[in-house]
Structure formats: structure tokens, C-alpha cells
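I have placed the structure first, in the form of C-alpha cells, so that the comments after it can refer back to it.
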Amino acid sequence: SDDDGGPSASGAAGNFPETPKWKFSFVNHVTTNPFFTPTQYGMEDAATLLGLEKPQWTGSQNSIVAEMVNATNTAVSAKVDGLAIAVVDKDAFRQPVDQALDAGIPVVSYNADGARGDPGTNRLAYIGQGLYESGYALGQRALETLQSGEVAGFIATPGALNIQPRIDGAQQAFKDSGKPVTFTAVATNADVTRGLSIIDAYAVGHANLSGMLAVDAGSTSAVGQVVKKYTMRSKSLKVAGGFDLIPETLTGIQEGNLDYTIDQQPYLQGFLPVLYLYFFKISGGLMAPSETNTGLLFVTKDNVAPYQNTKSRYEGSTTDKVLVPRSGPIAHG
Amino acid sequence: MGKALRTFTDGFLRRREASVLLVALGLMVYFRAASPVFLTRENLINIAQATAPTAIVAVGIVLLLVSGEIDLSVGIVAAFAPFLLHFAIDFYGVPVLLAFPLALLIAAAIGLLNGLIVTKLHVASFVTTLGTFFAVQGLLLITSHAYPVPIPEEMRGRFQTWIGAGPWASITWALIIVAIFHIVLTRMRWGLHTISVGGNPVGATEAGIRASRIKIGNFMITSALGGLVGIMEAARINTIDPNIGGGTTLTFYAISAAVIGGTALAGGSGTIVGALLGALVLAELQNGFNLIGYSANTIYLILGLAILVSMIANQYLSRLRRAGRT
Amino acid sequence: MGKALRTFTDGFLRRREASVLLVALGLMVYFRAASPVFLTRENLINIAQATAPTAIVAVGIVLLLVSGEIDLSVGIVAAFAPFLLHFAIDFYGVPVLLAFPLALLIAAAIGLLNGLIVTKLHVASFVTTLGTFFAVQGLLLITSHAYPVPIPEEMRGRFQTWIGAGPWASITWALIIVAIFHIVLTRMRWGLHTISVGGNPVGATEAGIRASRIKIGNFMITSALGGLVGIMEAARINTIDPNIGGGTTLTFYAISAAVIGGTALAGGSGTIVGALLGALVLAELQNGFNLIGYSANTIYLILGLAILVSMIANQYLSRLRRAGRT
Amino acid sequence: MTTHPLEVIGIAKRFGALTALADVNLHVGRGEVLGLIGDNGAGKSTLIKILCGFHRPDAGTILVDGSEVTLKSVDHARSLGIDTVYQDLALVNELSVYHNMFLNREIVRWPLLSNRAMRRRAEEHLKDMGVNLPDVTVEVAKLSGGQRQAIAVARSVYSDAKVLLLDEPLAAMGAKEGTMILDLIRDLKRRGNVSVIIIAHNYAQVLDVCDRVNLLQHGRITFDKRATETSLEELTDLVVAEYRRRGAD
Amino acid sequence: MTTHPLEVIGIAKRFGALTALADVNLHVGRGEVLGLIGDNGAGKSTLIKILCGFHRPDAGTILVDGSEVTLKSVDHARSLGIDTVYQDLALVNELSVYHNMFLNREIVRWPLLSNRAMRRRAEEHLKDMGVNLPDVTVEVAKLSGGQRQAIAVARSVYSDAKVLLLDEPLAAMGAKEGTMILDLIRDLKRRGNVSVIIIAHNYAQVLDVCDRVNLLQHGRITFDKRATETSLEELTDLVVAEYRRRGAD
Ligand SMILES: Nc1ncnc2c1ncn2[C@@H]1O[C@H](COP(=O)(O)OP(=O)(O)OP(=O)(O)O)[C@@H](O)[C@H]1O
Ligand SMILES: Nc1ncnc2c1ncn2[C@@H]1O[C@H](COP(=O)(O)OP(=O)(O)OP(=O)(O)O)[C@@H](O)[C@H]1O
Ligand SMILES: [Mg+2]
Ligand SMILES: [Mg+2]
């Protein structure tokens, strides 16, 4: 059902031929998580650029795999033109992906791609940065300033597939380093306000923490606030860091309460899959999607300013279309 | 002929479940009009698979609600049961056909614990099962290391298909279970006593009904059904995930299905067929709007409004029904 | 002297809230023994801040439960209210001292809607508020783009401190609200009629009590309190996050606090001071075990067992209390 | 023609297919006690619930002091001076004796309830009715059947109603307490302007206190005589006749 | 010394500070109908609830057919042949008339309930009691007060109990229905080996059906006479005396 059917054809984009108004579907594990707000802008922008319909954003709100499988199957039933799936479980999506491929629907994975070393599915390509790897990076970065002591890793919902691999990765990084670091995973809460209280309590009970890491947006900003509240930088705390770029986290970085936060460039995780699926469709499958590491970016006190001063679609902080100016040399290694 | 039809219509309208059924059918018509693929075989399978787990858990929830209790832990028992299966098979080499009833038995034992605390120590079931919810979640996360595992090799093939992976497997189970417990609730002593215990706790005891036994039994049934759903879903999605059931999500949906179907939170009255239809309504709503292509944020607004409209229609229909009753 | 003490003790033990209070105190003793920092000023602030939001929402929930209804949407109203404040201030330039009551008013309007659907259209409150839960969540996510914003500049400073950011601000609010509604429930007509409507719906109507008015009022109170909590928490965490309240988490905790405090899910009986103590017990448990430093997975097991043990002790104490009553 | 405090004409009420009341015409005069008797399920309570605004009649007219009214709610009927003791008592188990006794006509010193005043008055009332009760602060759930009924009766009898509707107010009362309540009713009557409709199955009591007796049968009033013109035997015959006749076969 | 179907010695029961029963000694003979009278709140219902296994006594002995038993539950008492009509009727509003009538002694054709059989028997029973009821399949919530009581009475009277405890079984019954139930009780007595303890406030009815009358006062049985040896006046005097005396002051 490639070139027949589909809604009315759109005007050609750029040098590309006229195409039907293809509709792609993104299946996500935490549909309402702010992390993926830029992803949704990314997929929307790519679709607009290419004259496609705005892709559907669906899946599960609480990383329930069965709901994601249902959403995937429904999308296949609805005969969408392409699928991007966050493959948070290597086994669950094998069959749905095969079914989609059998039905002629191209499938890529984004943000998560099965387990480490085992994608599990037969998706055409993966666009993103592994959750586990990003967690590993979180730990490695901490190890640059930390040789020993107690480290707490905060996780809002243990067992939830969007963040559990990150904390596993971080733990592994400490283990691999062989340094005398004790790493403790600490559960916070789906409710950010409750999470803050829990991190606060943990800090009160563990005055000699040398590291505080977090693997979700809420916990990360809360770590910053707790560090500030107890002026922990002036005590034994060597390192504090986490994920995502929500405003309070950026404030924490800027004020020096947090050392770094990891930006997984979620915008690209939405933009590129649309692009790849479009290329696949437009070329009759000749242009196969390619594996793409969307990378990860450490935001530190040095480079936090532009994130704070500009609100952009690329970080999710606004819906406005903005041209973010920059000047001067680009930092490099 | 006309009379036979009339008798049939009357008989149908006299049933309590009639109004929810009409709502479910109305939604079907609406979504078929909105999307031609709604009634294709594939999509009906989707709807069936989304209906089944909620409906099965709702069966237990109806029994509990009718007897005046509630169980928040059933969703986490659903997540725990397939891990029990996995431990038994992969670590202890128990054959799958033994491991399966064993897992259900352990699930039922959690229900027994709930029931004993509620009836013997008189702790409210809401807090009791909140406690077991957390405790079992802890056990689950500790033993599973909060990470999914593939389903055991031994489970694959016939057992997997038959228990949940077959396209119509889970809904078949659901229909069988609904049929059995519909009879239990409406045509057997157990059901009569369940209604009595919830409807008039003092009166039931005065009549010599042993309320504890009934309640404990219903807790065990609910937990066992939760366990079954967990294993069924693991088989269907081909993985054993600590987040099957999404913590309280499954429980929540099951309670919603029960209430939509006409079960009162206050106890003493409920219908199991209604709960099945309630689960169907929820599944249709979720599937239909997804099929139409609404995205996450919008879908909640639509879903919320659709629930309100459907339930207002439901009430209106059932008032019509009661008014027209002879 | 001894006699005065005895009278006091008797008077204390006669109160329904006595057993939960003993549990709360028992936990305090236990945690103080386990960790010397438990009773430091900082940690007490922390406990206070964790207690307050649950307690305030629980006040509304108690009123609703006592009158025989429930509200699942209050947690999402809590998330919505600070965004309303943000929209009013940052987009429409409304001064904060006007925007604040405005946000509470809109929150109360959601309660009004719930109440009208429940009492006039006779839809069960569980499904009604499930519907508004989803609908408001949709609205929230659409308008907020599912992304947190910093609190408005105008809010910072005095208002922020006073409404929630000050160390003792939220608990002070909580205590004031608990005190007011404790009096409303136990010493005013509204409370008497709330109990009547939940305890004997037919009887209350026979006595000429207008059940609808009472229920609608309680829905509005609950929603408004939810809105207040949302704004309070936004001020405290210094950011307006669509995830404040965690969907149903806040509601869930509030219901738990109410039930732990001694409110019956079945209606007709409840205590607001008890709910405050229930919230305190929950906050102590969460705080204490985190202070001790249990790791992620273990803490759920411990928490679950602790809830069970505390509640069994609670029941035991209140049976002692009743037996010893003169 | 004199107007009556309460009069109904052609009242009908159906529950689904069941016709509880077909065509009821009835009145009670000022300061009069009207006894309403009839078989179980005859529709007596249904009639009372229509008169007090709880049920809406399917047909018929209600006249209060001669003017037609549509009773919108129990509250509305109350505001017209009509107060009721229901057969099911309408007590809230969770509330104390004195709160039940003043339910929806609480004594208030705004904004608070005057619990002390209500407590004192409740104690007085119960004493006047000869009911011993350990303590008016206990929840009514714990009371005996007769104690419960006494509270429901006190609630209405001590209201300032002009028309009292009493649905089997003595059913659970002991011999002593029953006697005392009848004395109270006589007292109200003596003081003049309170009208009472009382339902009872104990015809001796009915004749003892009532001025007039009506029999409700087949949805209609089929018998209306002054108490002095009838007798225990006539009433019993009227009602039990059918059974005795059958028994004699 | 002959053994009685049911005898109690020294029964005491306290609720908190309130002593409901201080020291009750009572028995009922085979085929005997014992009337139990007393003021409201005297403890009659409490005594009945002890005899049927619902309450546990604080002190005292219960003898069934001469041998001491500890009644563990209502079910246990039932298995010993003791069946009860409670003052609160113990009906489940949500269930139909016939399900209520056979509650916990359902007719079962395993595994299913024999609804048809129960329906038929329920209709028969109600007819025998002179109660008209439109339909035995309606929920009892919708019934009139007397109809409800009839169901509760039928539940016990038609059980195969050896000892029947009837707590004000006629309170809400109409004159006709009351008469018929009394006839039924006489019938049971005539057939021989059913013993009955009946609580009632209508002494005419008590004297009509009972062989012996006991008065419960201040937690004790203070009066025990054969019905033929006492009279309506004596009983009334006994109970109402105090009030009349006070009234005479
Ligand atoms: N809400 C209701 N729904 C359906 N039927 C009802 C309802 N209320 C009463 N009925 C029926 O209406 C008839 C009259 O009932 P009602 O309570 O008025 O009788 P009653 O004369 O008061 O009898 P009793 O002396 O037993 O109290 C009965 O057959 C009863 O079953
Ligand atoms: N569960 C209970 N808790 C506390 N007090 C109770 C309880 N049950 C009964 N009582 C008290 O015990 C006393 C005796 O009550 P009981 O019901 O036995 O009286 P009774 O003789 O049956 O009166 P009536 O003729 O009014 O039915 C009453 O004062 C009552 O308030
Ligand atoms: Mg009646
Ligand atoms: Mg009694």
C-alpha cells in the first residue's frame, strides 16, 4: 500500500517528488514525559518540512510494555506508513515489528533498542543513544572527580524501562572502575514533589555522600535543590549530576549545585526517524535507514548559559520557532 | 414473530447489563464510521487482547467490591506471577505444567494473606492491600533486579500460544472465566453469600453466614486471577517484565471496568458480565481513538470527555430501562 | 495529680484518633533510635513538607468519603492549578494576588462539574472523576506542552515563601485547614449533614437534608484544596511541573492517609485529624527509611511490611481503647 | 366549608406495574388525630411519604390549609409545618442520639452547633417519653430497637410542626413507653392546633388515642368513622374477617 | 430432673460500662412457648443474641438439651437446632424475597441454587402467613415494613429448628397477618417438639399464644408465671406501674 491510497497527495518538498501525505506513528514508553517533548517537536518539524501529516505520538504513559505492544498493533491495523518504536524490551517487540514489516510498513527504533548487544527486533535501524550507555556515561563522568566514597543514584520509578537501564549502566560504570565506591540506587517517586522530599531525607541521613546522581528529570532537578539547601558542595560532596534540561536543572548547573546534566538530544530522536522513514518510502526501499547515534552532550557550567538564555524547540522549552544565534569558536577537545 | 421479538427485547432490557452493552455497541458503530479498519479481524484481535486482562482482573474485583472489600495489590501480583514461573522453570527446573499452577497457588497465597489480615486483624482492605502492594513490589524488584527477562524456553510453543500468545487466547480465557464467575455470583451459594456479606454485613452474620470465609475466598480468587493475567500477558508480549500491570494501572482499569459495568463501590451489588462490558468499553475507547490517530496529549482530553459522555448515556439508558420495566 | 493525669489519659484514649497518634509517635521513637538525625530541625521540616500536601488533599477526600463519594481527579487538578496561575500571570498579566484566588476558583469549578454529574446525572463518582481526571490531564498536557516552566517572576519572594517555600509554610497551611475542617465536620451543620448523607442516604433525604448540595460542596472543597496544594508545591519546588501530584499518586496517598486515619471507604464515618496523622505516618515511613538509607528495591518491601505492621498495631490499639472505654 | 390543615384528593401512585395507591381521598382536621389502618403492603407508608414530600404522586392534589401545593421536597413540606416519623426511622447510625434527634433542625449558635443545648433537650425529651438510655452521646447504632424508635418519634413530636405524620411510631415501643407516647400525643391534641395522622396495627391503641379512623384498602380509603362510633371488634372484623372466614371453611 | 431444650444459668453481658444483663436464669420446655417481656433497653434482644450464638456472654452457662455448650457462631447454634428472627430482621436489601427467605439455608442442586424450588416455597409460605406480595422476585428493599418482617419470620418459622427465638416478630405485622402468624406458632406448638421464645410488647398477643411469661428487668428475670395464672392487667401493671404511680403524684 505504498503509493496507492493514503490521504491526498501533498505538494512536493524541495527536489523530492509529490508523495501521498504519509502518516507515521511513534510508539513511546512514557508518552507524557518532558524528556520527549523535544522529540515530538522534532518529528513534527521533519513532517512539516517534508509535507507529511503530523506523526502520531502514542504508546504507554507508564512504560507498560503490553500497552506499547497494543499501540503498535493498532498502528499496524490502521496501516500507518511507517513506525518508530522505542524498543524498551528486546523480546516484546519482535513479533509486532515482524508483522509490520510483513505488512510493508518500515520500522525503525529510536531512543531504546532492545538490550545491550541484542536489539531483539528486526527493525531497519536504530536512531538514538542507548539508555544503558548514557547511564554508563553518567557514572564515568562522575568518576573523573570522584575516587571513593558513597554515591547515591536516584531513580523515580525502579523497574520502569525508560530509566532503569540508566541506573544499571551507572552502577556498572562504578563497578568496572574498580574504585572503592559504594553505589546505592535510591527510589524516589513518580510525583516530583514527593521525590524532592525523599532525596532530602536521604541527604539528611547520609551527610558524608561523595556523589549524588539521578537518572530522571525530576530527580535531577531535586538533587540540585537539595545540594543547595544543605550547601553540600562545601561538605564532602564531590559530584552531582543527572539527566535532562528542565529549567530547574539548568538553574542548578548554573549555580554550581549540579556539575553536569546529560542531554540525549531528544529532538534528533524525533526528527531523524521521520527523515529516514521518508527516504525509505520515497526511494522504494533503496535508501535504507542507517544506524545513528544521536550522541550525548554534557551540559556543564561552561556551556549552560545558552540553554538558559534561549528557549528553543530543540530543548522543548518553548513551541516558538527560534533561530538561536551563536558566535565565537566552538569548544573542542 | 413480533411478539417473540418483543419478549426478547423485554428480557434483554430487564438485564442490568443492557445499558453498558448498548454503550459498547454504540461506540462500535461510532468508531466503525470514523475508521473503516475498526472492525477488521486484526483490529478486533487488538481490542480483544486489550479487553481480556482488564476483564479477568475485574472479575475478581467485582467479587471483592460486592463483598465490601477492595484489592490494590492485584496488579503487582500480576507482575510477580510470571517471574515465579520463570524462577521455577529456569532455576529449579520445574516443568511448566507444574510451575503454572504453582505460580497461581503462590499468587492465591498472597490473596490469603490479604484476606486474613482484613478479616482476622480487622485492618481496612485498602491499607492492607496497599501494604502488600509495596511489599510484593519490593520482593518483585529485588528478585527480578528490576529488569525484564525473556520467557522460559519451556514455555514457548504450545503453552505460550494457548495461555496468551494466540490471537484469541486471552479473550477466550476471559470469556470462560467471566461465564464461570457470572454463574458463581448469580446462581450459586457463594455468590449469594458474597452479596449478603457486602450488602448487610451484620445481617449476614446474624443469618449465620461466615463472612470471613467468603471474603478470604474472594481475595484468593482475585489474586489468582491477577497471577493468571500476568502470565497470560507475559506469554503474549513474549517477555517477563516487572512492569506488567504498571503497578496500580491494571488494578485501576479493572476497578473502572467494574464500576462502569454497574458494580457499586459501596458493596452489595455488582455484575461480572457488566465488568466484561466495562473492560470492552475502555478497550474500544483506547483503541478507537488511537486508530483514528490522536496523539498522546490530545487523547487524554478526548478519552476523558468520551468516558463522561458514555457514562451519562449509560445512566440515561438504564433509567429508561427501569422506567419501561414491567 | 494522678487523677488529673488519669482523666486526661481517659479523654485522650476516648478519641478515635488516639491509636493512629500512638502509631505516629511509635514510629518517631523507632526512627529516632535508628537514626539520630531523625528529629533534627532539618529533617522535621522535611517530614512536615512531605506531610502537608497529602494532609490537605486528604481533608477534602475525608469529606467526600464520609459523604459516600470519591474523587480521583484531585491530583491532576493539583498539577493544573499552578499552570493556571502561570498562564494568568505570564500571559494575561493578572496580578498574583488575583491570579491565586482565580486559579482556586477554576479548580473549584472542576469540582462543581464533578458534583453536578454525580448528583444530577447519577453517574458513579469513581467513573465521573476518572473522566475528569483524563480530560483535565489532556488539557494540562496540551496547554503546558508537557513541559515544566519556572514559576512566574511575580510569584517569587513574599508570596512564594508564604504559600509554600518557607520551611514551615505548607505545614502551617495544613494545620489551619485541618483545624477549620475538623470543626466543620464535627461541630457544624455541614459536617453533620455530610455524615448523614454518607451514613444513611435514604434516611438523610427523609429527614429533609439536601444530599446534592452537600456532595457538590464537598467536591468543590476537594478540588479547591487540590489546587491549593498544587500551587503550594510549585512554590516549594520552585518549578511548575505537569508531574506535580504524579497523576493519581497524590490522590492515592491522600486516600491512604484518610483510611489509615480511620475514615471508612463505605461512607458515614471519618476524621480529619486522623487523616492528618495518617499523612504523618506515611511521611514518617517514607522519610525514615530513606534516612536510614534503604536502596531502591528493598525500600518497597520494608515500606510495605511497615505499613502492615503499623496498621495491625493501630487496630490492636484501637481495640484496646474501645475495650477500656468507660 | 372549613379548610383542613391537610387534605388530599385523588392521590395515585404506581411503582412500575404495581399500583400502590389508586385514588386516595383523605383529610385531617385541626387538632384532630386520625388513625390510618390497613393490611401490610396496603400503601399506608407510601401515602405518608407522599404527604411529606418524599415521593411525588402520579396523580392527585394536596391541599395545605385549603390551598393546593406541590411538595418539592421533604424540606419544603417541613417549611409548611408537616413533620414525619418514618417507619424506617431515618436514623443515622453513625451519629449520636442527640444529633439524630435534632437532625436537620439542629440548634445552632452560628457557626457552631449548640451541642450542649441539644444534649440537654434530648435528655429531657427522652425522660418525658419514659425511655431510659444510658447516655445521649452514644451512637444510635448501639441502641435497642425501642430506644431507636423513641429517638425518631421525639424528633418529630418535639418539632413545632402543625401536622404530624406518624408511621407506626409505637411498633417497637414497650408497654410503658408506648403509653407515655400516647399521653404525649394526647397532650399535643389538647394544646389544640396540632393535627396528627397515625398509622398503627394495634387497634386498641388506635381507638385509645384517635378521633377518627380510616381504613386503606386496595389503594382507596374504604372506611371512615369517628373512633367513638366504632369498636375494636368492628375494626378487627373488618381486617381479619377475610382470613377468619377462610379459616372457618 | 427433666432436661430442657434450652436453658441458661447466670448469663451476664456488659457493653463497656453498661451492664445489659446481670444474671439471667431462664429455660424453655419442650413444645413450650415462652413470652419474654420487658422495657425498651431491658436487654431482651441482647439475651436472644447470646442464645443464638451471635454475642458471646461475659459469664454464665448455656445448656442445650441438658448439656453445656459454648456457642461459637450463629452457624453453630443453628446446627444445634436453634433459629432466630432478629429484631433488625437481618435482610439483605439487594437480594430478592425468596433468596432472603432461604438465606444460608438455600435449596441447592449442586452446584447451582434451585431458584425455582425456593421461589415456589417462598410463595407458599407467604400465602400461609396471609401476606400479599406482588412478586417474590423483587428486591426486599422495595417492600413495606410488614412485608419485610414476614420474610424474616418465614425464614425461621419454616426452618426445621427445634428452638425458635423470635424477637418482636409481630411488631410491624398488620392485624390479619399477626393473627395468622400466631396461628402458625400455635400450629408448631401443637405438632409438639418445637420450643419458642417470643419477645413482644403487645401483652394481649403474648397471653394469647404463650404458655409462660418471663419479665426481664434490671438484667434479671424478675417474674415467671404460667400464662393462665396471670392477666393482661397484671402484666400491664407490672410494667407500667412505675409510670402511672409517678403520673399520679
Ligand atoms: N420504592 C418502591 N419500589 C417499588 N415498590 C414499592 C416501593 N415502595 C413500596 N412499594 C410497594 O408498594 C406497596 C405498598 O407499600 P407500603 O410501604 O406503602 O405499605 P404499608 O401499607 O406501609 O405496609 P406495612 O404495614 O407493611 O408497612 C407494597 O406492595 C410495596 O412492596
Ligand atoms: N452493641 C452494643 N454496644 C453497646 N451497647 C449496646 C449494644 N447492644 C445493645 N446495647 C445496649 O444494651 C441495652 C439492652 O439492649 P437490647 O437491645 O438488648 O434491649 P431490648 O430489651 O431488646 O430493648 P427493645 O425492647 O427496645 O428492643 C440497651 O441499653 C442498649 O443500648
Ligand atoms: Mg408501612
Ligand atoms: Mg430488642
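Protein chains in written order, with the working numbering: chain A, 23 to 355; chain B, 12 to 337; chain C, 12 to 337; chain D, 1413 to 1661; chain E, 1413 to 1661. The C-beta atom is built at its ideal place from N, Cα and C for all residues, glycine as well. From a predicted model like this one, the values you see are computed outputs, not experimental measurements.
Give a yes or no on whether the minimum CB-CB distance between residue i and chain C is below 9 Å.
i: L150(B); result: yes
i: Y224(A); result: yes
i: L314(B); result: yes
Looking at residue i and ligand 2, is the gap between the Cβ and the nearest heavy atom below 8 Å?
i: Q1617(D); result: no
i: K1588(D); result: no
i: L1430(E); result: yes
i: S1556(D); result: yes
Taking only heavy atoms of ligand 1 into account, decide whether any of them is closer than 8 Å to the Cβ of residue i.
i: K1539(E); result: no
i: A334(C); result: no
Does the beta-carbon distance from residue i to residue j come in below 9 Å?
i: T282(C); j: L186(C); result: no
i: V1497(E); j: S1607(E); result: no
i: I1494(E); j: T1482(E); result: no
i: A147(A); j: P311(A); result: yes
i: L296(B); j: L312(B); result: no
i: G152(A); j: R138(A); result: yes
i: L276(B); j: I81(C); result: yes
i: I86(A); j: T143(B); result: no
i: V109(A); j: A134(A); result: yes
i: L152(C); j: N308(B); result: yes
So that I know if they touch, is there some Cβ in chain A lying closer than 9 Å to that of residue i?
i: T233(C); result: no
Taking only heavy atoms of ligand 4 into account, decide whether any of them is closer than 8 Å to the Cβ of residue i.
i: K1456(E); result: yes
i: Q1499(E); result: yes
Does the beta carbon of residue i come closer than 9 Å to any beta carbon on chain E?
i: A118(B); result: no
i: R332(B); result: no
Within a Cβ cutoff of 6 Å, which residues of the same chain sit near residue i, ignoring the five residues on either side of it in sequence?
i: F230(C); result: G122, N125, G126
i: P93(C); result: G241, I242, A245, I251
i: A317(C); result: L296
i: G1542(E); result: K1588, E1589, M1592
Looking only at its own chain, which residues have a Cβ that is under 7 Å from the Cβ of residue i, when we skip the five neighbours before and after it?
i: V1369(E); result: Residue 1369(E) lies beyond the stretch modelled for chain E, which goes from 1413 to 1661, so this question has no answer here.
i: I303(B); result: A45, S46
i: I248(B); result: none
Counting only C-beta atoms, is residue i closer than 9 Å to chain F at any point?
i: T70(A); result: This model lacks chain F altogether, as its protein chains are A, B, C, D and E.
Less than 9 Å between CB atoms is the rule here; does residue i satisfy it with respect to chain B?
i: S1485(E); result: yes
Subject >> Sufficient close CB pairs (3 or more, under 8 Å) joining the segment 230-244 of chain A to the segment 258-275 of chain C >> reply: no
**OP:** Inspect the CB distances between the segment 320-337 of chain A and the segment 93-113 of chain A and report whether three or more fall short of 8 Å.
**Re:** no
Original post:
Any chance the segment 1502-1517 of chain E sits against the segment 205-215 of chain B, with 3 or more Cβ pairs inside 8 Å?
Top reply: yes
Original post:
Is the segment 1609-1628 of chain D touching the segment 1452-1459 of chain D, taking contact as three or more C-beta pairs under 8 Å?
Top reply: yes
Original post:
Three or more beta-carbon pairs under 8 Å between the segment 1421-1434 of chain D and the segment 1605-1622 of chain D, yes or no?
Top reply: no
Original post:
Using 8 Å as the threshold, is the segment 159-177 of chain B in touch with the segment 91-111 of chain B, meaning 3 or more CB pairs across them?
Top reply: yes
**OP:** Determine, using beta-carbon pairs with one atom in the segment 1579-1594 of chain E and one in the segment 1551-1570 of chain E, whether at least three such pairs fall under 8 Å.
**Re:** yes
Original post:
Hey, is the segment 128-139 of chain B in contact with the segment 317-328 of chain C, meaning 3+ C-beta pairs nearer than 8 Å?
Top reply: yes
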